[in-house]
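**Student:**
Residue numbers (the numbering used here), protein chains in the order written: chain A, 1170 to 1388; chain B, 1170 to 1388.
(1) Beta carbon of residue 1287 of chain A, beta carbon of residue 1194 of chain A: below 8 Å?
(2) So is residue 1216 of chain A buried or exposed if we call it buried at 16+ other beta carbons inside 10 Å?
(3) If distances are taken between C-alpha atoms only, which option among A:1379, A:1263, A:1266 comes closest to residue 1311 of chain A?
(4) Considering only the alpha carbon of each residue, which of A:1369, A:1188, A:1295 lies closest to residue 1313 of chain A?
(5) For chain B, is any of its Cβ atoms less than 8 Å away from the one on residue 1338 of chain A?
(6) Considering just the uninterrupted stretch of the alpha helix (DSSP H) at residue 1374 of chain B, what are its terminal residues?
(7) Does DSSP classify residue 1191 of chain B as helix, strand or coil?
(8) Which bits of chain B does residue 1368 of chain A rub up against, with CB to CB less than 8 Å?
(9) Alpha helix (DSSP H) containing residue 1327 of chain B: first to last residue?
(10) Any Cβ of chain A within less than 8 Å of the Cβ of residue 1247 of chain B?
(11) Taking only beta-carbon positions, decide if residue 1255 of chain B is within less than 8 Å of chain A.
(12) With 16 as the cutoff for other CB atoms within 10 Å, does residue 1307 of chain A come out buried or exposed?
(13) Which term fits residue 1200 of chain B, buried or exposed, when burial requires 16 or more other beta carbons within 10 angstroms of its beta carbon?
(14) Going by DSSP in three states, residue 1286 of chain B sits in which element: helix, strand or coil?
(15) By Cβ distance below 6 Å, which residues in the same chain neighbour residue 1357 of chain A in space, the five residues on each side in sequence not counted?
(16) Helix, strand or coil for residue 1291 of chain A per DSSP?
(17) Answer yes or no: do residue 1110 of chain B and residue 1265 of chain B have a C-beta to C-beta separation smaller than 8 Å?
(18) Write down every uninterrupted run of the alpha helix (DSSP H) in the stretch 1215 to 1288 of chain A whose length is 4 residues or greater and which is fully enclosed by it, in chain order.
(19) Under the assumption that residue 1254 of chain A contacts residue 1187 of chain A (Cβ atoms under 8 Å), give the Cβ distance between them as a whole number of angstroms.
(20) Along the stretch 1342 to 1362 of chain B, where does the CB come closer than 7 Å to a CB of chain A? Name the residues.
(21) Where residue 1241 of chain B and residue 1176 of chain B are concerned, what is the direct C-alpha to C-alpha distance, given to the nearest angstrom?
(22) So which residues of chain A does residue 1242 of chain B contact, with C-beta pairs closer than 9 Å?
(23) From B:1325, B:1347, B:1332, B:1343, pick the residue whose C-alpha is nearest to that of residue 1335 of chain A; which is it?
(24) Answer with yes or no whether the minimum CB distance from residue 1334 of chain A to chain B is below 8 Å.
(25) Taking a Cβ distance cut-off of 9 Å, strictly less, list which residues of the stretch 1226 to 1237 of chain B are near chain A, in chain order.
(26) Within this structure, are the beta carbons of residue 1330 of chain A and residue 1303 of chain A separated by less than 8 Å?
(27) In chain order, what residues of the same chain have a beta carbon less than 8 Å from the beta carbon of residue 1238 of chain B, not counting five sequence neighbours either side?
(28) Taking Cβ-Cβ distances shorter than 9 Å, what residues in chain B pair up with residue 1382 of chain A?
(29) Where does residue 1224 of chain B land, buried or exposed, given buried means 16+ other C-beta within 10 angstroms?
(30) Report the CB separation of residue 1309 of chain A from residue 1184 of chain A in whole angstroms; it is logged as a contact under 8 Å.
(31) Please list the partners that residue 1250 of chain B has in chain A, where partner means a Cβ-to-Cβ separation under 7 Å.
(32) So residue 1218 of chain A contacts chain E; which residues on that side make the cut at Cβ distance below 8 Å?
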């Protein structure tokens, strides 16, 4: 029933949109963290302003995927390829919201010097960033090994977040006046941790694509 | 092309599964918070053990929805009804993971008395709980007003979480030895706040169902 060429070319377009979304999301994360490190308000504003691009891409994916379902009537794995593209685009859109939330913290700090060297946040962001590209690659290549690897990366981000929290709590006892800023930094840690969770979720969906079964890697 | 009766009866089954999932998720949240309040390890273990039920329901929704797409070839809003059911089931499954994570905190506290009265956490959970039923109802009734109301409830949960954090930070200065427990309580607040975010996300998807456009209520 499915005309292979039309379906394949549609699916390739869908994949292009996902790559575009993943690349944009990754840039947003890196720019948001950079804006925080360098107290660069203009860069933060740029991240906030461009968040809408991810929403537009998600809509394009919903539209193109729906068209493909309607015109090509894919079944089994072909249908899952589209359903999973929908799910991934949801996750990427949410991840973009979180990158924007990090940029908002830069704006709230308004140039104020940070009380501790920003080491763990960029480190967490760098793992999260590689998870973003891995999640897209795992979809493109239908590679479940990468999906399982991401669950491990996610544990690493969680651990870094835990040790960052402990450090913040220790600092707080010496400098209680810095509590408001520490709350902001702690929020940034949390946002990155959630970005990593979403990437893991993408991995789970790739396992569903390949196997037809939905694992639970976030346990 | 769509045989209305077959499609409608399939869609009703899909809705039943979503209601079942929402009800189970809501129970899990309430039981997890109750286990925390009463240091009830057995109840916490039960929440953890039953998490798999939500994964099974998500799979059933994916299967039934895919079957409906394949056999009934729905278009436009009918197709969106199914795509949105997929998206909602993803959110509910993730919300279930978070309820399980709350129960894990009960287990980690292992009967230890909490350093502060648990007031804000149950209050946040009660708003989140009503958001869960509202999110399912907004899908059933295709009610976008409810979706926008949820975005407001979500702000309320965020505010409660913020004030809880401030209280924990203040307590910490007096009782630094309680830091590990406070971190656990703070995590619970975060989990509930994320559950509320997912409910808001469901609202966004209902707006997409009704209008064909994806709003961004999490800004």
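Glycine included, every Cβ here is placed at the ideal spot set by N, Cα and C.
**Tutor:** Checking against the coordinates, here is how it stands:
(1) Not a contact, by the Cβ cut-off of 8 Å.
(2) When all chains shown are included, residue 1216 of chain A counts as buried.
(3) Nearest of A:1379, A:1263, A:1266 to residue 1311 of chain A, Cα basis: A:1379.
(4) The option with the nearest alpha carbon to residue 1313 of chain A is A:1369.
(5) Residue 1338 of chain A belongs to the set of residues whose beta carbon lies under 8 Å from a beta carbon in chain B.
(6) Looking at the DSSP string, the run of the alpha helix (DSSP H) that includes residue 1374 of chain B is 1348 to 1380.
(7) Residue 1191 of chain B falls in the helix class under three-state DSSP.
(8) Residues of chain B passing the Cβ test: none, with the nearest at roughly 13 Å.
(9) Unbroken alpha helix (DSSP H) run through residue 1327 of chain B: 1313 to 1343.
(10) Chain A, which has no Cβ nearer than 8 Å to the Cβ of residue 1247 of chain B, makes this no.
(11) At a cut-off of 8 Å between beta-carbon atoms, residue 1255 of chain B makes contact with chain A.
(12) Under this definition residue 1307 of chain A is a buried residue.
(13) Residue 1200 of chain B should be labelled buried.
(14) Assigned with DSSP and collapsed to three states, residue 1286 of chain B falls in coil, not helix or strand.
(15) For residue 1357 of chain A, where only same-chain residues beyond five positions count, the Cβ hits under 6 Å are 1271, 1274, 1290.
(16) In the structure shown, residue 1291 of chain A sits in a helix (DSSP, three-state: H, G or I).
(17) Beyond the ends of chain B as shown, which are 1170 and 1388, falls residue 1110 of chain B; an answer cannot be given.
(18) Here the runs fully enclosed are 1245 to 1278.
(19) So it is a contact: roughly 6 Å between Cβ atoms.
(20) From the stretch 1342 to 1362 of chain B, only 1342, 1345, 1348, 1352, 1359 have a Cβ closer than 7 Å to chain A.
(21) Rounded to the nearest angstrom, the gap between the Cα atoms of residue 1241 of chain B and residue 1176 of chain B is 6 Å.
(22) Those are 1238, 1239, 1242, listed as they occur along chain A.
(23) Residue B:1347 is the option with its Cα nearest to residue 1335 of chain A.
(24) Yes, contact with chain B.
(25) Correct list: 1227, 1228, 1231, 1232, 1234, 1235.
(26) It is not a contact, given that the beta carbons lie outside the stated cut-off.
(27) Counting only Cβ-Cβ distances below 8 Å, and skipping sequence neighbours, we find 1248, 1251.
(28) Near residue 1382 of chain A (Cβ distances below 9 Å), the residues of chain B are 1228.
(29) Label assigned to residue 1224 of chain B: buried.
(30) Cβ atoms of residue 1309 of chain A and residue 1184 of chain A come within 8 Å of each other, at about 6 Å.
(31) Here the premise fails: no neighbours, minimum Cβ distance about 12 Å.
(32) Looking at the structure shown, chain E is missing, and the protein chains on hand are A and B.
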